[in-house]
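To keep things clear, I will list the structure first and then write my remarks on it.
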Amino acid sequence: MQYTLMHKGIPVLDLELDDATSSVQKISSIYHMEHLPLGTTSRQGGVDRAALNAWWIDRSIPASRSGIRKALETLELPNTHMLLTRCFGLSLSDQYWVKPQGSDLQWERINFFTNPFSEDIGNVLLGKVTDAAGLDFHSPDNTSDGFLKKRWKIIDGKRCLLKAGSNPFMQQPFNEVIATLVAQRLDIPHVPYSLLWDDGTPYSVCEDFITPDTELVSAWRVMQTIKKDNNTSVYRHYLNCCEALGVPGAEHAVDQMIVLDYLIANEDRHQNNFGLIRNANTLEWIGAAPIFDSGSSLGYDKLPSQILSPHSVECKPFKKTHEEQLKLVTSFDWLDFRKLSGIEEDIRQVLDQAGDYMDEARMSAITTAFSSRLEKLIVLSQIQRTVDEIAMDVEHNSAQDYGLKMQ
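Here it is, written out as structure tokens:
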């Protein structure tokens with residue numbers, strides 16, 4: 034079928050999408066090159082169809098999403114890509130969409146930022162609906178990313194994302210709240226998360242930090258703007274790309290992210306859950322996105338003995354270990370450790386809300402391990418010099434396994 038890729042009300046290009054796979058088959062007329070999704074231009078200055086197709090398909094729900102097979106059976110669809118055109122590719126993370134050629138659809142009438150949307154798909158994804166009859170597919174849940182069950186919901190007029198945890202501990206929602214507490218105390222820009230219980234299941238809740246006039250661009254997309262050579266580290270490549278784009282404050286934002294991720298032992302800061310924000314109208318860069326999506330931390334899937342072991346924590350996005358990643362921090366001068374006084378008690382108060390999902394041994398291990406990392410960081414901040422060893426870079430780019438949206 035023929036569509037026009039739109040950026041709000043601006044036509045970007047005409048394209049043909051395959052009816053069976055939703056993949057980009059052909060690109061014809063190009064109207065506004067400057068509004069192309071970041072990282073989809075070719076080295077010859079045109080449009081890279083493969084890159085554009087990857088960007089488009091990555092807007093779909095990943096096949097690894099918990100419960101997605103059952104959801105697809107309910108929706109009677111072969112894959113999640115087919116959901117994209119059902120909502121015109123609309124998202125709550127950016128302003129791109131596809132307009133069927135010959136239609137009179139307008140951004141102002143259909144975008145999810147200012148218009149209501151259906152909760153049907155969200156209910157299917159959470160396993161609350163088992164019959165596809167009469168479902169309304171106009172929903173931002175068609176373009177939500179990540180492995181965990183989640184849904185968008187309008188609460189008190191605000192677009193909010195609800196996200197579950199994973200069995201057996203369901204710890205991620207509580208971790209999001211703890212990450213919020215730590216970031217708030219250290220004055221690190223972040224997306225605030227709170228807890229919500231629904232039918233005995235805990236969810237983290239956060240308000241959409243993107244507006245009708247801004248959009249999120251993932252670090253993965255940013256790093257496609259310049260070809261990386263083998264002598265440049267992943268960390269330095271990202272900062273080089275930010276500098277070339279004219280993004281203010283990127284280095285300090287990365288410093289803060291690395292420190293927070295070390296303290297909470299984040300294992301999944303992949304290249305699609307941090308990035309930049311730009312003005313969707315002027316295309317001017319605003320700066321780094323506030324920190325979000327920190328649930329895969331604090332030993333979320335480990336036993337207490339493993340949580341207490343310093344050798345069981347994976348690391349992303351730059352280095353293989355948090356200790357090596359901390360060596361990238363250019364300055365600790367902004368850190369006031371006095372602001373974390375008594376934080377362990379606050380962490381326990383959050384974990385106390387987990388009920389049967391959290392026993393005393395687990396709570397004790399989480400708080401003890403956090404205190405240990407904090408003590409080490411206080412020492413390291415006084416003696417450490419910046420070191421960036423390419424040999425310690427992450428071995429593969431896990432960002433390719435994730436979507437391109439926030440949370």
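Reminder that position 389 of the sequence shown reads as 422 in the numbering used here, one-by-one numbering, no gaps.
Heads up, the beta-carbon is just placed ideally off N, CA and C, and yes, glycines get one too.
Beta-bridge partners of V255 (DSSP): none assigned.
When only Cα atoms are considered, S151 and H171 end up about 6 Å apart. Per DSSP, the beta-bridge partners of H40 are I43 and Y129. By the criterion of a C-beta distance shorter than 7 Å, L341 is surrounded in its chain by A398, T401 and A402, once the five residues flanking it on both sides are discounted. Contact between S266 and D426 holds: their C-beta atoms lie close to 6 Å from each other, under 8 Å. Per DSSP, reduced to three states, the secondary structure at S414 is helical. Per DSSP, I143 is one residue of the alpha helix (DSSP H) stretching across W140 to I143. In this structure, K335 and S327 do not form a Cβ contact; the two beta carbons are roughly 16 Å apart against a cut-off of 8 Å. Counting C-beta atoms within 10 angstroms of its own C-beta, V80 has 16 or more neighbours from the protein chains shown and is therefore classed as buried. Secondary structure of Q217 (DSSP, three-state): helix. Note on geometry: alpha-carbon atoms of G179 and L105 lie some 16 Å from one another. Shown here, L85 sits in a helix according to DSSP, grouped into three states. The secondary-structure analysis by DSSP pairs W230 across a beta bridge with P235. For the pair Y64 and V45, the Cα-to-Cα distance works out to about 5 Å. Under the DSSP definition of a beta bridge, N312 partners with T247. Counting along the chain, A286 sits inside the alpha helix (DSSP H) bounded by residues A283 to L296. Given a length threshold of 4 residues, each whole run of the alpha helix (DSSP H) inside the stretch 323-409 is given here in chain order: 337-341, 355-359 and 376-385.
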